[in-house]
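Enquirer: Basically the numbering used here = 1-based index in the sequence shown + 6. Yeah, the Cβ is synthetic: ideal placement off N, Cα and C, and Gly gets one too. Pasting a structure below so you can have a look.
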Amino acid sequence: MITQLFKAGTSITTDIMFLVVLFVLVCAYSFYAGKSRIISFILAFYPAQLLYTQFPFINKLLILKGDGLVVLNKALIFLIFFIPLNILISRYVFAESGYGGSAHVLRIAGFSLAGVVVFLLFSYSVVSLDLLYNFSPTVDALFSTPDKVFWWHLAPLLVLFVL
């Protein structure tokens, strides 16, 4: 019993550490590239995911063999849709505002949190990144049903609307 609780606590702790590191990386990118880039990154995810899931030739384009290489191949196919959409959307997003100080930091942190949610959505709905990091069953339960995935898809958009 105690070993099961320890394993559950350890897996939750490693999940939190992984998500904190991911948040710091997205936050660093947001400070480096600016708010408009992270907003276009978040907005480009949705049409890219739609195009990827509806693309009829994904299995024919899987030229790499092996578990890790198939994941890489699928991620590259997704990036073929994502990168042009991100460039296109970034031309029309002007999110640089006059806010400075703590308000600016809070907005960047909010956008970074939305970026982490987008990464989780990518991992659970587009390409399974279990080879990179396999989340615990507790985190898996958050994305277990289509209803929950739908609500998680709305979360980054809500953050964009509020901030």
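Can you list, in chain order, the residues of its chain with a C-beta nearer than 6 angstroms to that of Phe149? Leave out the 5 residues immediately preceding and following it.
Expert: On the sequence shown, residue 149 is found 143 positions in, with the first residue counted as 1. Same-chain partners within the cutoff: Tyr130, Val155.
Enquirer: Just how far apart, CA to CA, sit Thr144 and Phe37?
Expert: Sequence index remark: in the sequence shown, residue 144 carries index 138 (1-based). Sequence index remark: in the sequence shown, residue 37 carries index 31 (1-based). Distance between the alpha carbons of Thr144 and Phe37: 31 angstroms.
Enquirer: Note down, in chain order, each residue of its chain lying with its Cβ closer than 6 angstroms to the Cβ of Val165, except the 5 sequence neighbours on either side.
Expert: As a working mapping, residue 165 is identified with position 159 in the sequence shown. Excluding positions up to five away in sequence, the list reads Gly116, Ala120.
Enquirer: Do you know how far the Cα of Tyr139 is from the Cα of Ala147?
Expert: Here residue 147 is taken as the residue at index 141 of the sequence shown, counted from 1. Here residue 139 is taken as the residue at index 133 of the sequence shown, counted from 1. For Ala147 and Tyr139, the distance between alpha carbons rounds to 16 angstroms.
Enquirer: If you pair each beta-carbon of the region 73-90 with each one of the region 51-59, do three or more pairs fall below 8 angstroms?
Expert: At 8 angstroms Cβ cutoff, the stretches touch.
Enquirer: Which residues in the same chain as Leu28 place their Cβ atom closer than 8 angstroms to its Cβ, once the five residues preceding and following it in sequence are excluded?
Expert: Position 22 of the sequence shown, counting from 1, holds the residue named residue 28. The answer, listed in chain order, is Val122, Phe125.
Enquirer: For Asn65, does the three-state DSSP call read helix, strand or coil?
Expert: For the purposes of this step, residue 65 is identified with residue 59 of the sequence shown, where counting begins at 1. Looking at Asn65 - three-state DSSP - the assignment turns out to be helix.
Enquirer: According to DSSP, simplified to helix, strand and coil, what is Trp158?
Expert: Here residue 158 is taken as the residue at index 152 of the sequence shown, counted from 1. The answer is helix: DSSP assigns Trp158 an H, G or I state.
Enquirer: Excluding the 5 residues preceding and the 5 following Leu70 in the sequence, name in chain order all residues of the same chain whose CB lies nearer than 7 angstroms to its CB.
Expert: Taking the sequence shown and counting its residues from 1, one reaches residue 70 at position 64. Taken in chain order, the residues that qualify are Val76, Leu78, Asn79.
Enquirer: Exposed or buried, what is Ser46 when buried is set at 16 or more other beta-carbons lying within 10 Å of its beta-carbon?
Expert: By one-based count along the sequence shown, residue 46 stands at place 40. Burial call: buried.
Enquirer: From Val26 to Ser96, what does the alpha carbon distance come to, in whole angstroms?
Expert: Locating residue 26 in the sequence shown gives position 20, counting from the first residue. Locating residue 96 in the sequence shown gives position 90, counting from the first residue. Taking the straight line joining both Cα atoms gives about 26 angstroms.
Enquirer: Among Gly40, Met23, Phe24, which has the Cα closest to the Cα of Val111?
Expert: Locating residue 111 in the sequence shown gives position 105, where the first residue counts as 1. For Val111, the nearest C-alpha among the options comes from Gly40.
Enquirer: Please report the distance separating the alpha-carbon of Val99 from that of Lys66.
Expert: As a working mapping, residue 99 is identified with position 93 in the sequence shown. As a working mapping, residue 66 is identified with position 60 in the sequence shown. Val99 and Lys66: Cα-Cα distance of roughly 35 angstroms.
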